[in-house]
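Down below is the structure, laid out as structure tokens.
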Amino acid sequence: MNSFVFSTILLFFFAKFSYSLPLSTKSRWVVDTLTGERVKFKCVNWPAHLKPMLAEGLDKQPLNRIVEHVSLLGFNCVRLTWATHMFTRYNTKTVMQSFHDLNLTKAIKGLEKNNPRLLDLTVVDAFSVVVNAIGSYGVMVVLDNHVSEPMWCCGNNDGNGFFGDKHFNPREWQRGLSIVGKRYVNTCMVVAMSLRNELRGPRQNVTEWYKWVGRGAKSIHKANRNVLVIISSLHYSIDFTPLKTKPLQLDSTLRNKIVYETHRYSFTEGQRNQWLHQPLNQVCDNVIRGINKKAGFLATGPNPAPLFITEFGVDLRGRARADNLFLTCYMGYLAEMDLDWAIWALQGSYYLRQGVENMDEVFGVLDNNWARLRNPVLIID
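In mature numbering (1 follows the signal peptide of the UniProt record, and there is no 0), the protein residues as written are -20 to -1, 1 to 361.
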């Protein structure tokens, strides 16, 4: 893969920051509440929301070794995903029971070797062990409510997309936010909680979005006044245009705690073929113009707010030309706008994804064994 692209990423990775917690917002920035100095999120996604309900990769390497990788790569936070039903329905299920029910015998053997103490813990206690391990390395944690029913995300008709869908009971969702908020109220390295990942599907509508986003934000803030509250939008979290004419009505105590999130990939809005078949400058200009129209405007203008790119990523094998061209464009945009970001993703593999055991993740920073970088150009200019 083009080394220029990854040396650009390196410019982001290796800056060091000193800050105290908790965090707040000031204009378009996330700041240290005590000093008012900016704290920029430079994060990696680490999923724990799939059917096994355990942070991925713990069958491949010891937990502390994985977290050490995260820290040494220069990430200052992890966007750790979770499923509502982990905390509202399956909270007494142990890791061993979860993996046994899915017949993941090979993964169980890996856990017995690398993280044996997790097997007899409940899935929610194991989640806390991961949270605390991340924090012990001085890495912040953003808790992302990714789905309700544990599964791979996302599809328009997966039952997890919008309030009232098959698996997405909004009151149970609120209860889950409250449970998790209270659980980590004294865990200082948990600095933010998202309302929901990538709202989507045929039932999505602006009226219900305003209603439940407001209620969800209140649920988090009531449970845990320390954390930032991260708000996603419609259409897979790319479209905030309703806010141009109707701001969210939130309690005054939340005003310095709200962050907005958006996502971007080469395939977003069906644009992959544009990257392949149209002039790069033209495609890049059009895509960036669209991003600014639907989300980027939040970080500019008379009343700017923090905009956090909580997902972007590419095939790190370097074989996807559309991804390579997209990343060249998008990294320039992130730098120009000076946005907080979280790359998708850390994991080199999954215990079980869409029925496939040990599925490889080509977007993963780490390789399938979670032992080294998938693409060494990440650290070699």
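From the three backbone atoms N, C-alpha and C, an ideal C-beta is built for every residue, glycine too.
- By the 16-neighbour rule on beta-carbons within 10 angstroms, Arg354 is buried.
- Relative to the Cα of Gln229, the nearest Cα in the group Asn204, Ala106, Lys191, Leu52 belongs to Lys191.
- For His80, the number of other beta carbons within 10 angstroms of its own is below 16, and it is reported as exposed.
- For the pair Glu178 and Cys134, the CB atoms are nearer than the 8 Å cut-off.
- Taken atom to atom, the span from the alpha-carbon of Val111 to that of Leu52 is near 17 Å.
- Here the alpha carbons of Val263 and Asp219 stand approximately 19 Å from one another.
- Per DSSP, Thr225 lies in no alpha helix (DSSP H) and is assigned neither H nor E.
- At a cut-off of 3 residues, the continuous stretches assigned as beta strand (DSSP E) that sit fully inside the stretch 271 to 320 are 287 to 292.
- For Ala63, the uninterrupted beta strand (DSSP E) run begins and ends at 57 to 63, by DSSP.
- In the structure shown, Ser213 adopts coil according to DSSP, grouped into three states.
- In this structure, the straight-line span from the alpha carbon of Ser246 to that of Arg252 is close to 5 Å.
- Around Ile114, the same chain offers Val47, Val58, Val121 as residues with beta carbons nearer than 6 Å, after the five sequence neighbours per side are excluded.
- Distance between Leu34 and Ser116, taken at the CA atoms: about 19 Å.
- Contact annotation: Leu332 and Lys73 have beta-carbon atoms that are not nearer than 8 Å.
- Secondary-structure assignment with DSSP links Leu353 through a beta bridge to Leu346.
- Here the alpha carbon of Arg235 sits roughly 24 Å from the alpha carbon of Tyr216.
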